[in-house]
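Peer 1: For the sequence shown, the positions run 8 to 87 when this note's numbering is used.
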Amino acid sequence: MSFQILQKAAERGGYGGERYEQLEFQKKVAKCYQVLHDASWKIIDACQPIEDIEKQLQEIVLDCVMTCQKGKPLSNLWSG
8 MSFQILQKAA
18 ERGGYGGERY
28 EQLEFQKKVA
38 KCYQVLHDAS
48 WKIIDACQPI
58 EDIEKQLQEI
68 VLDCVMTCQK
78 GKPLSNLWSG
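#1: Could you check where the alpha helix (DSSP H) with residue 39 kicks off and where it finishes?
#2: At the level of alpha carbons, what is the spacing between residue 39 and residue 66?
#3: For residue 79, I'd like the list of residues in its chain whose CB is within less than 7 Å of its CB, leaving aside the five on either flank, ordered along the chain.
#4: Under the three-state reduction of DSSP, which class applies to residue 64: helix, strand or coil?
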């Protein structure tokens, strides 16, 4: 999660009322996600119109379903 995304989220109406909506907390969470991030992740810009987000999600899910239908199993979220 980039700093620009955090700033954009802070511009939303009603933002900041919850503990998890504080910039410092968001920065800590972003660092944790950076540790977990790998090439298998799909990232969608949630600042887009909801219709665009929905379309991208549908494409990602359908691609995954098609891959599974061809016999390739889903990978694990974490192993170990």
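For every residue, glycine included, the Cβ atom is placed at its ideal position computed from N, Cα and C.
Peer 2: On the basis of the data shown:
#1: Position 32 of the sequence shown, counted from the first residue, corresponds to residue 39. Element bounds for residue 39: 30-43.
#2: Here residue 39 refers to the residue found at position 32 when the sequence shown is read from its first residue. Here residue 66 refers to the residue found at position 59 when the sequence shown is read from its first residue. Roughly 27 Å separates the two Cα atoms.
#3: In the sequence shown, counting from the first residue as 1, residue 79 sits at position 72. Around residue 79: no qualifying Cβ.
#4: Translated into the one-based positions of the sequence shown, residue 64 becomes position 57. Here residue 64 sits in helix by DSSP.
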